[in-house]
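Residue numbers (our numbering), protein chains in the order written: chain B, 1 to 348; chain L, 1001 to 1566.
Ideal placement from N, C-alpha and C gives every residue a C-beta, glycine not left out.
Since we're looking at a predicted model, the values are computed, not measured.
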């Protein structure tokens, strides 16, 4: 297994810069998600990895082999990669088994070896019984698994996944996420997964590259992204939470309760540092119960089953999200304790 | 550089060269014609173009072309919209059969349509004789007139209106109608205030197509107009060429230019109108609207069936009756009925077999060659930038959009002298007709393939590419099987059109090189109406069989490939 290196890759379509000097080092066997809103360049990056788009600048290397640069472009059929497409891209004129076996046929594998590899691949995705069916007869989730089986049949060095769950309903997504995890555990292939859904990325990936407007916003593990987002934009994109202005700390610094509460009560002109407060770090108390704490008023409450989400308005006019075990009436006054916060870079 | 990169670029270059060659070849006939018509303008008032423009016969034929085509268009609009509205919007029964029967006249060659109608009316009609309703001897044949020509042109092109209107009705989102109904509109109000205005574009397009197709029609004005001395532009060119030969080529080129410009102006006008009346329709479309006819259903069904009886069944019955009598003017009874005509055309007439063989070779050969060209051509065109793509498509469509006579004159101009360099003489051989068919019908084969390719999810090919398939392997293993039904349908359509073709071959045939279309025309002109009827019956049977074959193929084709299943 070889690592994948993306070195200052840039892609321009005419005037517009779809990917701007993106650099990533992907370790062998790592599961990486490219995450960002639509139009952020993540799919373009994936298509450059596959070789469907030439680069404008930069270099893509697999191990010590250069796959693409301005001078050289290894065509997709020579990259030993595999891809799961958003539309599955199953060939409708071939049976399930033929779809899975096609890459083997191209590698001139025949006879018993061919049949054994196809059967193995289908068994791995629990579709052995469907080998003779045509793809049109399968459900969305089954088609997705056929596409997966087609990927793993040739032991590719890199597997690319282009929003593979976008066309599935919510229940199926959870099952398929499990399939992807299994797939990764068994094959240990390097996987690049493009998605706009942060929860998908968080639950699957070893590391996530958050992209925005063609640039890399942050490159970190899911936990680091959640706990220590770099900028206000990343913080608002990943998980829930509120942005407040405090007069304490500096970007990249953790604030404990005392410093945070002090910083929040300073005069408005001194409060210039944006800080992220996650709802699980807020305790809501009845207004009368305590003299300490920040005053706020309930604007609305949403029932989420295991808890209530409270949308609060602070006296400073800022809004804050908190969890609470019971519903509170609209307009009711409360006192808040903020246990910790994370200082962000202000948004450019 | 990796070796497969050169393989990929090698394929790209080959296909690009092919595309350029085909586009250039499609343009050559029109350019040659333009050159001939405008070349001698320096001669001033003696130039052929001026002479033609000053001749009274030109303007008379032009007016008659416009009159018959215009009247034909109105008839086509009336018939076509009646069938389109009823069949698409209501819950009438037996839709598939109604559509098939209504579309049949479009596929029956015009000379056969003309012949069958001639057998239906007039004092010598065997059918009228048989039921004792024939007018007295010496009374005129009512169809030998401008209105007769217009009626048949209208019937022949009504399916074009039907198709255009049906397509735009099917693309009408169901929600638009449902929203009107929920707002309190009755069925009639929905029809008049929502459906009719929104589907205006289809009506205009259909009318324009009917007009252009009537303008270029040769078979009907030739069979009905020439005996009465009523010449329209295509028959005028034919008559001049028949009497004066290649000596009047320059003038004929000028006449062809005139009618060609007229047809292209029609196309341009149609596209401009279409653009103006196009709405951005949002919502689910593609389903019929199922207006309930209620107690009117019986009456409406009777109306449609009556129309079909009048425009399809009656003339075809007359044709069959005519093919079974010993001679024109004899009534069909158990005693007179005979299969002699069939024996004659199949058994004894050497010309029939020769014509059948010629037509089968021409049509089959054209279909095969065009199928071979279409896939690589469509594949390359799809990868061109939008603007180049539409330019190339227009060039390829030109020989089909121009009236057949225009292409025929252009081909004579091109090949009347042996081709330089290779020194092959095509003039006076079957090869000339073959080349003309290739140019004319390429777009017929290309369109379904292009539609099939456009429907193909690009990721299907990309998946094969990542799996390791090179460019030729992808073309043969993934793309070809997926567009094969469309490719096959395109070939079948070419065959269907070419095997009955008359307009081009009427000008290009020579002794021994007749086609099926020319044979019927010549038999009828030579007074052998019974034999002509027998051949026509066989032709109609062949057309219906081929249409049925295409209908069976339809479920596997992209939408709109089979013309009668819009």
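Item to check | Straight-line gap, residue 1340 of chain L to residue 134 of chain B (C-alpha atoms, nearest Å) | outcome: Taking the straight line joining both Cα atoms gives about 54 Å.
Checklist entry - Rounded to whole angstroms, how far is the Cβ of residue 273 of chain B from the Cβ of residue 249 of chain B, which I believe are closer than 8 Å? => result Between residue 273 of chain B and residue 249 of chain B, the beta carbon gap of about 6 Å places them in contact (Cβ cut-off 8 Å).
Checklist entry - My guess is that residue 1207 of chain L and residue 1077 of chain L are in contact by the Cβ rule of under 8 Å, so how many angstroms apart are they, rounded? => result Going by Cβ atoms, the distance from residue 1207 of chain L to residue 1077 of chain L rounds to 5 Å, so yes, they are a contact pair.
Checklist entry - Whose C-alpha, out of B/150, B/263, B/124, is nearest the C-alpha of residue 246 of chain B? => result For residue 246 of chain B, the nearest C-alpha among the options comes from B/263.
Next on the checklist: Tell me which residue opens and which closes the alpha helix (DSSP H) that residue 184 of chain B is part of.
Outcome noted: Residue 184 of chain B -> alpha helix (DSSP H) spans 170–187.
Checklist entry - residue 307 of chain B CB to nearest chain L CB: under 9 Å? => result Cβ-Cβ to chain L under 9 Å: no for residue 307 of chain B.
Next on the checklist: Could you compute how far the alpha carbon of residue 33 of chain B sits from the alpha carbon of residue 1450 of chain L?
Outcome noted: C-alpha separation (whole angstroms): 37 Å.
Next on the checklist: Residues of chain L with CB closer than 7 Å to the CB of residue 351 of chain B, please, in chain order.
Outcome noted: Chain B is shown only over 1 to 348; residue 351 of chain B falls outside these bounds and no answer can be derived.
Item to check | Buried or exposed (CB count within 10 angstroms, at least 16 for buried), residue 1204 of chain L | outcome: Buried, by the Cβ-count rule.
Checklist entry - Taking the Cβ atom as the reference point for each residue, do residue 24 of chain B and residue 195 of chain B lie within a distance shorter than 9 Å? => result No. Outside cutoff.
Next on the checklist: Beta-carbon within less than 7 Å of residue 1436 of chain L's beta-carbon, same chain only, minus the 5 sequence neighbours each way: which residues are those?
Outcome noted: Once the five neighbours on either side are set aside, the close Cβ partners of residue 1436 of chain L are 1407, 1408, 1411, 1504, 1508.
Next on the checklist: Quick check on DSSP: helix, strand or coil for residue 218 of chain B?
Outcome noted: Here residue 218 of chain B sits in strand by DSSP.
Checklist entry - Would a C-beta distance cut-off of 9 Å place residue 1160 of chain L and residue 1107 of chain L closer than the cut-off? => result No.
Next on the checklist: DSSP has residue 6 of chain B in a bridge; who is on the other side?
Outcome noted: Its beta-bridge partners are B/24, B/60.
Item to check | Continuous beta strand (DSSP E) assignments of at least 3 residues falling wholly in the region 264–309 of chain B | outcome: Segments of the beta strand (DSSP E) lying fully in the region 264–309 of chain B: 273–277, 282–286, 294–303.
Item to check | Whole-Å CB distance - residue 70 of chain B paired with residue 55 of chain B, under 8 Å assumed | outcome: Residue 55 of chain B and residue 70 of chain B do touch by the CB rule: their CB atoms are close to 6 Å apart, below 8 Å.
Checklist entry - Out of curiosity, what's the CA-to-CA distance linking residue 1266 of chain L and residue 1135 of chain L? => result So the two alpha carbons sit approximately 40 Å from each other.
Checklist entry - How about residue 1128 of chain L and residue 1137 of chain L: are their beta carbons less than 9 Å apart? => result For the 9 Å CB-CB criterion, residue 1128 of chain L and residue 1137 of chain L do not form a contact.
Item to check | Interface residues of chain B facing residue 1040 of chain L [CB-CB closer than 8 Å] | outcome: Result: empty, since nearest Cβ-Cβ is about 48 Å, beyond 8 Å.
Next on the checklist: With DSSP as the reference, identify every bridge partner of residue 312 of chain B, one or two as the case may be.
Outcome noted: Residue pairing from DSSP places residue 312 of chain B in a beta bridge opposite B/298, B/320.
Checklist entry - For residue 80 of chain B versus residue 28 of chain B, is the C-beta distance shorter than 9 Å? => result Contact flag unset, no.
Item to check | chain L contacts from the region 35–61 of chain B (Cβ-Cβ distance under 7 Å) | outcome: Here the close residues are 50, 52.
Next on the checklist: Can you check which of these residues, L/1088, L/1405, L/1517, is closest to residue 1261 of chain L by C-alpha distance?
Outcome noted: Checking every option, the nearest Cα to that of residue 1261 of chain L belongs to L/1405.
Next on the checklist: I need the DSSP call for residue 1166 of chain L, collapsed to helix, strand or coil.
Outcome noted: DSSP places residue 1166 of chain L in helix when its eight states are reduced to three.
Checklist entry - Taking any Cβ of chain B, which residues in the region 1446–1460 of chain L have a Cβ under 7 Å from it, in chain order? => result Along the region 1446–1460 of chain L, going in chain order, the ones with a CB nearer than 7 Å to a CB of chain B are 1457, 1459, 1460.
Item to check | residue 1498 of chain L vs residue 1359 of chain L beta-carbon contact at 9 Å | outcome: Contact annotation: residue 1498 of chain L and residue 1359 of chain L have beta-carbon atoms nearer than 9 Å.
Checklist entry - Do the region 1485–1496 of chain L and the region 1444–1458 of chain L make contact, defined as three or more Cβ pairs closer than 8 Å? => result Contact between the region 1485–1496 of chain L and the region 1444–1458 of chain L is present, because at least three Cβ pairs lie under 8 Å.
Item to check | Reference residue 1171 of chain L, options L/1199, L/1183, L/1152, L/1154, closest by Cα | outcome: When only C-alpha atoms are compared, the closest one is L/1199.
Next on the checklist: For a quick check, are the C-beta atoms of residue 1314 of chain L and residue 1514 of chain L less than 9 Å apart?
Outcome noted: For residue 1314 of chain L and residue 1514 of chain L, no; Cβs fall outside 9 Å.
Item to check | Which listed residue (B/211, B/43, B/123, B/173) has its alpha carbon closest to that of residue 356 of chain B | outcome: Since the first and last residues shown for chain B are 1 and 348, residue 356 of chain B lies out of range.
Checklist entry - Are residue 1439 of chain L and residue 82 of chain B touching if we call contact CB-CB under 9 Å? => result Remark: C-beta atoms of residue 1439 of chain L and residue 82 of chain B do not approach each other more closely than 9 Å.
Checklist entry - With 9 Å set as the bound, which would you pick, yes or no: does the beta-carbon of residue 163 of chain B sit closer than that to a beta-carbon of chain L? => result So no, residue 163 of chain B is outside the interface.
Checklist entry - Mind pulling the alpha helix (DSSP H) runs of 4 or more residues that sit fully within the region 1327–1406 of chain L? => result You should have 1340–1343, 1350–1382, 1386–1401.
Item to check | Member of L/1529, L/1364, L/1375, L/1420 whose CA lies at the smallest distance from the CA of residue 954 of chain L | outcome: There is no way to answer for residue 954 of chain L, as the model of chain L reaches only from 1001 to 1566.
Next on the checklist: Under 9 Å, Cβ to Cβ, is there at least one residue of chain B near residue 1464 of chain L?
Outcome noted: Taking Cβ atoms only, chain B reaches closer than 9 Å to residue 1464 of chain L, which makes this a yes.
Next on the checklist: If you follow the alpha helix (DSSP H) that residue 154 of chain B is in, where does it begin and where does it stop?
Outcome noted: Looking at the DSSP string, residue 154 of chain B is not in any alpha helix (DSSP H), and its letter there is neither H nor E.
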